[in-house]
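Here's the structure we're looking at; comments come further down.
What follows is the structure, given as structure tokens:
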């Protein structure tokens, strides 16, 4: 009975992590579609991301209910609850970013497409590493630090890329209107937030890992 | 009336159950890893099993320290110990039931002019000092082992949680068993020499000794203590001063249980003896101090930054303060009980010596000297002397045969010479009546032999007893007095 619950929880947690990972990849594909002005694919990825975010929410609730209703892992369930919520924020941020693109439809000059894609890739790398770190935290907390460092690395890379992009935009004489420059900056900032959310999870994970060492 | 006299022991048992069960299941319940109901049921069952099956060893050591030989005295000894525990707990002073009981027994010894067996006292006190250190060593090693295993196995947090829960129940059960085996001596040990219950036998296969019945009653009191009072204590332990992860708690409980078991298990001691390893004294120890020792062990492994020397000082002071206070209170209480209520609190042990002298003087013990018998009696502890007395009286009334030294005394005597394992006899349910039918087959083993008419160290034949060569030599007796019969040599 106890092991059945354990197995189901492990399964659910893995599903949740897979969703978070997928969210990053779909975000990247969505951004690429947007840059190519491929509306059909963009909408497809947007819808997929919205659905995934919904799934992640319900899995998170199921896990938390199970943990609290059956008083499982009483000493760390608060941490697991926070971890799931923070990971959900990452998925949410990915979804919000694509939604913002669909609402505001920013006009991205062709010469900036690669910069935005690169920025998204860095963010996705950070997500990928934070998912790996979360898996490690569950399975092997003593070795979580390695992946956490990688999250920090990609977050810094994303920051650097965003800064580079913003500088480029504001120095670009071909873009005359300040409002357009601000709009482009806003979207760089938005994509960069994905990496920031991953960094938030990494921060918490390093503390949880210390707490989990016996 | 008997139950009234036992009530102080039962109260002590209740208080032990209320407080010390938390040392086994406290963290598990406090951190919500195990439901209180589960913990209480498991703890109660295993405390009873431990007390009834393995409780004799530690209580025998207490008996050697001083055999409280009157029910009134036993009542007051247990009552005084319980009072000291209650009072010191109320004053937030560190207290251990074991230490209070030992102090109370010494107090009774003083009151009844019984010589305290200082060897036993030293053995007990040194065990108090040694046991938390041993718990620290055990927990340190177990901690490292568990850490290694967890690194190797890479269990998920959910799986680890399930395994930890199961381990907490299993190790908790072992802890409760060890607690019952070790600490029942504190609760009922003083009543052993005056146990009012007769032995119960159903055929040859089922036998419950008087002492086991006494221990069962004490263990029931412990169980009631667990159910009625320990929840509050467990909650405090779980959220208390020392915050442990469930895995560290597991290590602490296992280390504590192992030490309790080491100091309670007769079979383990015999095993060590038979392999020429040093014997572990069977002494009731403080489970609370073991927990502190075990937590400290983990603290040292983790770098030793959080060691509170104040706590260590408190433990050390408890080794002295508690027994002394307990001894004084018992002395006063015995005086009060004897002189106010005119209740017998001790039987005059010197009578037994008088009887012995009388018997020795009245019989023809041409093969030995009175002085050697007297020397032997002097060596026997108070409890043994009491046993001897009973034998003398009984045998005088019965017949002349087996008159003086029963084989039991021979065993006691041999035991002093560290040749025979006394508990072997007791654990096999050998009573005073059938002890003659056991004979020694090697250093530590005895075999039932219904035709045996002699005993390795002491032979009884035609109203005479003969010491064997080795024993005589050890006692420094002269060659002229010696009428030895060698071991395994049939008369």
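Protein chains in written order, with the working numbering: chain A, 10 to 223; chain B, 5 to 495. Ideal Cβ placement from N, Cα and C applies to all residues, glycine included.
- Within chain A, the C-beta atoms nearer than 9 Å to that of residue 166(B) come from 11, 12, 14, 15 and 81, in chain order.
- Taking 7 Å as the CB threshold, residue 160(B) lines the interface with chain A.
- Around the beta carbon of residue 98(A), 16 or more other beta carbons sit within 10 angstroms, so the residue counts as buried.
- Relative to residue 329(B), the option among 67(B), 99(B) and 43(B) whose CA is nearest is 99(B).
- Proximity of residue 32(A) to chain B, defined by a Cβ-Cβ separation below 7 Å, is not satisfied.
- In chain order, 72, 108, 109, 112, 194 and 334 place their CB closer than 7 Å to the CB of residue 81(B), counting only its own chain and leaving out the 5 sequence neighbours on each side.
- Per DSSP, the continuous beta strand (DSSP E) segment holding residue 205(B) begins and ends at 204-206.
- Residues of chain A with a Cβ closer than 7 Å to the Cβ of residue 37(B) are, in chain order, 83.
- Within the same chain, 22 come within 6 Å of residue 233(B) by CB-CB distance, once the 5 residues on both sides are set aside.
- Residue 163(B) has a beta carbon lying within less than 7 Å of a beta carbon in chain A.
- Counting only runs that start and end inside the stretch 16-90 of chain B, there is no beta strand (DSSP E) element of at least 3 residues.
- Residue pairing of residue 40(A) in beta bridges, as defined by DSSP: absent, with no partner found.
- Residue 46(A) counts as exposed, since fewer than 16 other C-beta atoms from the protein chains shown sit within 10 angstroms of its C-beta.
- When 119(B), 103(B), 151(B) and 140(B) are compared, the shortest CA-CA separation from residue 129(B) is found for 103(B).
- Rounded to whole angstroms, the Cβ separation of residue 208(A) and residue 161(A) is 7 Å, and the two are in contact under 8 Å.
- Residues of chain B with a Cβ closer than 9 Å to the Cβ of residue 91(A) do not exist; the shortest Cβ-Cβ separation is about 14 Å.
- Here the alpha carbon of residue 60(A) sits roughly 31 Å from the alpha carbon of residue 189(A).
- Under the rule that a run must span 4 or more residues, the alpha helix (DSSP H) segments found entirely inside the stretch 107-175 of chain B read 122-157.
- Going by DSSP, residue 210(B) is part of the beta strand (DSSP E) stretching over 210-212.
- Between residue 219(B) and residue 192(B), the beta carbon gap of about 6 Å places them in contact (Cβ cut-off 8 Å).
- The continuous alpha helix (DSSP H) containing residue 109(A) extends over residues 86-113.
- Here residue 31(A) is buried: its Cβ has 16 or more other Cβ atoms, across all protein chains shown, within 10 Å.
- Residues of the stretch 243-273 of chain B whose Cβ lies closer than 7 Å to any Cβ of chain A, in chain order: 249, 250, 251 and 252.
- At least one beta carbon of chain B lies nearer than 7 Å to the beta carbon of residue 147(A).
- Its Cα nearest to that of residue 152(B), the residue 251(B) stands out among 84(B), 216(B) and 251(B).
- For residue 95(A) against residue 213(A), the beta-carbon gap comes to about 6 Å, under 8 Å, which counts as contact.
- For residue 54(A), the uninterrupted alpha helix (DSSP H) run begins and ends at 48-78, by DSSP.
- Look at residue 104(B) here: in three-state DSSP terms it is helix.
- In the three-state scheme derived from DSSP, where H, G and I count as helix and E and B as strand, residue 29(A) is classed as helix.
- Segment contact: the stretch 41-49 of chain B against the stretch 113-123 of chain B, fewer than three CB-CB distances shorter than 8 Å; contact not assigned.
- Residue-level contact check: residue 18(A) touches chain B, since one or more beta carbons of chain B fall below 7 Å from its beta carbon.
- Contact annotation: the stretch 296-305 of chain B does not touch the stretch 175-192 of chain B, with fewer than three C-beta pairs closer than 8 Å.
- In the structure shown, residue 134(A) adopts helical secondary structure according to DSSP, grouped into three states.
- Residue 156(A): member of the alpha helix (DSSP H) spanning 153-180, first to last residue.
- Separation of residue 198(B) and residue 88(B) (C-alpha to C-alpha, rounded to the nearest whole angstrom) is 23 Å.
- Against chain B, the CB of residue 167(A) has no partner CB under 7 Å away; the residue lies outside that interface.
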